[in-house]
Amino acid sequence: MQRCKQCESPIAKSDVACINCGELVNPVAKKNLRQHFGKIVTGLFILSAALTVVALFTNYVGSFVTCLATTIVLLMVKKSADEMSSSSQQ
Ligand SMILES: [Zn+2]
């Protein structure tokens, strides 16, 4: 049985935070979520970049400018997500 670091209350394995005081049981899970988010953003960025290239040659995907704007926004989100995950490791 796992116990809360703050108040020593018993915690179930499925609990993310302590029922008694709200202390997070496993901060590592938050970090994994952040890394997972980074992977999703990277995937979306690659997809968006590919669509931008496709949009250059065809009109099926939509406006090239829209795709380019989406790619730039995703690049900025990816950059801030990378900074977040690297700062949390320090
Ligand atoms: Zn507690």
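Numbers 2 to 91, taken from the numbering used here, label the letters of the sequence shown in order. Cβ atoms here follow ideal geometry from the backbone N, Cα and C, with glycine treated the same way.
Suppose you measure from the CA of T53 to the CA of V17; what does that come to, to the nearest Å?
C-alpha separation (whole angstroms): 40 Å.
Please say whether V42 and S80 have beta carbons closer to each other than 7 Å?
Sequence inspection shows Lys at residue 80; the Ser mentioned does not correspond to that position. The answer is no: Cβ separation not under 7 Å.
Which of the three DSSP states is assigned to I41 in this structure?
Three-state result, I41: helix.
Going straight from the alpha carbon of P11 to that of T72, what length do you get?
If I take the Cα positions, the gap works out to 47 Å.
With a threshold of 6 Å (Cβ to nearest heavy atom), would N21 be considered close to ligand 1?
Result yes, Cβ under 6 Å from ligand 1.
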